[in-house]
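Following: one structure in structure tokens, then a few remarks.
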Amino acid sequence: MCLRSQMSVKTWKDDVICWREEGLSYEEIRKKCLSYGIKTTKSRIGRIITKRYGNKKIYASSSISRDNFLPIKEFVKEAYLANAQRKATEIVDDIADKFDEKITVAVLRRIRISIGLEKANRRYGHSVRMANRQPRYTFCRLHLDLGTMFLTHCFTDESMVQSCETGRFVYILKGDNSRRVQPRHKHPASLMIWGGISWEGATPLAIIRRGTKVDGPVYQSILHNVYLEWAQ
Numbered sequence: 017m018c019l020r021s022q023m024s025v026k027t028w029k030d031d032v033i034c035w036r037e038e039g040l041s042y043e044e045i046r047k048k049c050l051s052y053g054i055k056t057t058k059s060r061i062g063r064i065i066t067k068r069y070g071n072k073k074i075y076a077s078s079s080i081s082r083d084n085f086l087p088i089k090e091f092v093k094e095a096y097l098a099n100a101q102r103k104a105t106e107i108v109d110d111i112a113d114k115f116d117e118k119i120t121v122a123v124l125r126r127i128r129i130s131i132g133l134e135k136a137n138r139r140y141g142h143s144v145r146m147a148n149r150q151p152r153y154t155f156c157r158l159h160l161d162l163g164t165m166f167l168t169h170c171f172t173d174e175s176m177v178q179s180c181e182t183g184r185f186v187y188i189l190k191g192d193n194s195r196r197v198q199p200r201h202k203h204p205a206s207l208m209i210w211g212g213i214s215w216e217g218a219t220p221l222a223i224i225r226r227g228t229k230v231d232g233p234v235y236q237s238i239l240h241n242v243y244l245e246w247a248q
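Mapping to our numbering: the sequence shown position 97 is 113, numbers consecutive.
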């Protein structure tokens with residue numbers, strides 16, 4: 017389903033296309049957009065639905081031999097499909113080794129655009145167990161409706177810092193949003209960092225080495241040595 021409780025300005029055009037595929041008329045789509053704060057017209061909706069994305073002119077670099085251009089273009093596409101976070105300099109070096117062609121990062125960028133690859137923010141998928149989803153939603157919805165400020169609460173959490181791929185961007189074909197979700201290494205070098213935040217500010221951080229079992233005694237020591245001293 018494309019219907020969302022809140023429409024994102026960044027993705028509302030995708031919703032328009034989905035609504036049209038569901039059989040809605042232009043006027044019905046316009047009213048849906050308006051209900052989410054997006055002011056548009058039926059003619060613009062028609063242009064969004066019928067638009068065909070692509071380059072008006074096929075890009076061909078004059079710095080690459082004609083015989084090598086199409087193989088290099090296909091190589092670039094396969095490289096990004098295999099790893100959406102490949103660095104441009106790495107692909108440039110691979111092209112030099114494989115095709116004996118020296119190109120610049122700017123040329124690679126234009127090839128990437130001509131293929132249809134676009135830059136997007138990297139995302140990670142974090143799953144909440146099905147049994148916990150409804151209770152969490154109910155709790156949050158209740159306190160939002162009550163206007164709860166949590167003035168006397170301290171919210172704590174732990175986070176793992178890992179030595180793995182840290183790139184912020186991925187290069188994907190238009191509409192291929194599933195490739196924005198990137199896998200993580202199974203056993204990267206890591207540390208656990210514990211901290212808390214409240215209306216009064218943030219607590220000091222506690223660093224826990226990998227392999228430490230965070231059981232009752234360890235957690236109690238964190239509360240006594242970090243939280244209570246700060247709270248007092």
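Where a beta carbon is used, it is the ideal one built from N, C-alpha and C, also for glycine.
For Gly217, the three-state DSSP class (helix, strand or coil): strand
Assigned secondary structure, Tyr187 (DSSP; H/G/I helix, E/B strand, else coil): strand
For Phe166, three-class secondary structure by DSSP: coil
Classification of Arg225 by the beta-carbon crowding that lies within 10 angstroms, buried from 16 upward: exposed
According to DSSP, residues forming a beta bridge with Asn99: In DSSP, Asn99 forms no bridge with anything.
Beta-carbon proximity check, Gly212 vs Cys170, cutoff 9 Å: yes
Coil, strand or helix - Gly212 by DSSP: strand
According to DSSP, residues forming a beta bridge with Asp173: Gly211
Burial state of Arg36, where buried means 16 or more other Cβ atoms lie within 10 Å: buried
Lys118, DSSP secondary structure in three states: coil
Three-way DSSP call (helix, strand, coil) for Leu160 in this model: helix
Backbone secondary structure at Gln248 - three-state DSSP: coil
Closest residue to Glu245 among Asp231, Ala222, Ile127, Gly163 (Cα-Cα distance): Ala222
Straight-line gap, Ser59 to Ala76 (C-alpha atoms, nearest Å): 34 Å
Local Cβ density within 10 Å of Trp215, reported as buried at 16 or more and exposed below that: exposed
Backbone secondary structure at Ser206 - three-state DSSP: strand
Nearest candidate by alpha-carbon position, reference Tyr243, set Ile111, Val234, Pro220, Val230: Pro220
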